[in-house]
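Positions 459 to 630 (this note's numbering) are the ones given, in order, by the sequence shown.
Inspection log for the structure reproduced underneath, given as structure tokens.
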Amino acid sequence: MTPFPHAAVGLIGWKYADRRHSIKALFIFIFISCLPDADFFLFPLFGKPDWLFHQRFTHNVGVALLSALIFFPFLRMARARIGLILIALSHLIMDLSVVDTLAPIGFRPFLPFSDALLNFGVFPFVKRGTVAQVLSVPNLIAIGLELGLFVLPALILCRKEIAALRINKSSV
Ligand SMILES: [Zn+2]
């Protein structure tokens with residue numbers, strides 16, 4: 459999945475887990491929801507080594523829990539902390555549902571305890587590549603599904619909290 463549906467789920471998590479609806483918590487929730495895909499940026503940074511293929515190290519339960527734990531000091535309430543853990547794990551669950559056509563199929567969410575490759579691919583994936591590939595019909599359908607099933611509902615669901623952020627900001 460692209461970062462948009464992950465961020466949308468992070469936004470919903472923020473709405474329900476952070477009762478204060480602070481902008482700081484919003485950034486943390488969205489950041490953690492997208493963080494496993496940081497390997498996209500690390501891959502070229504390390505010279506595109508074979509061992510650092512997408513989802514290999516960043517898409518597992520241990521990394522997800524650790525990433526949420528690091529931000530615990532910034533979230534005082536237990537409800538917000540539990541919400542952040544769920545949001546960190548949501549990235550893995552969402553990615554497991556995406557069709558994977560590149561070997562190895564799926565990823566290993568339980569490393570280093572289990573080598574099991576998991577994938578329950580039902581959700582179409584968005585291809586990255588040339589303009590023609592990005593604008594292909596299957597790709598536009600996948601992007602449309604991401605926007606229609608995740609981004610738009612999240613924005614509608616959280617519209618009051620987002621509006622309140624703007625009001626609070628302008629009153630400072
Ligand atoms: Zn991912």
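No residue lacks a Cβ here, since even glycine has one placed at the ideal position from N, Cα and C.
What you are looking at is a predicted structure, and each value in this text was computed from that prediction instead of being measured.
- S572 is not a Cβ neighbour of A546, given a cutoff of 8 angstroms.
- Those residues that bring their Cβ nearer than 5 angstroms to a heavy atom of ligand 1 are P494, D495, D553.
- Proximity of the segment 485-505 to the segment 548-568 meets the contact definition, three or more beta-carbon pairs being nearer than 8 angstroms.
- Note on A536: under 16 other CB atoms within 10 angstroms of its CB, so exposed under the neighbour-count rule.
- Residue pairing by DSSP puts V556 in a beta bridge opposite F581.
- Contact check for L575 against R566 passes: the beta carbons are separated by less than 8 angstroms.
- For the segment 513-562, the full-length alpha helix (DSSP H) segments reaching 4 residues or more read 519-528, 536-554 along the chain.
- Looking at the DSSP output, F565 sits in a beta bridge with L576.
- Looking at the backbone, the Cα of N518 and that of S594 are separated by about 31 angstroms.
- Of M459, P461, K473, the smallest CA-CA separation from A612 is found for K473.
- In the structure shown, G606 adopts helical secondary structure according to DSSP, grouped into three states.
- Cα atoms of I625 and K618: separation of roughly 10 angstroms, rounded to the nearest angstrom.
- Burial check for F608: the Cβ neighbour count within 10 Å reaches 16 or more, so the residue is buried.
- Look at P611 here: in three-state DSSP terms it is helix.
- Rounded to the nearest angstrom, the gap between the Cα atoms of F530 and M459 is 26 angstroms.
- Distance from A465 to I481 at the Cβ level is roughly 15 angstroms; contact not present, criterion being Cβ atoms closer than 8 angstroms.
- Here DSSP, grouped into helix, strand and coil, assigns H464 to helix.
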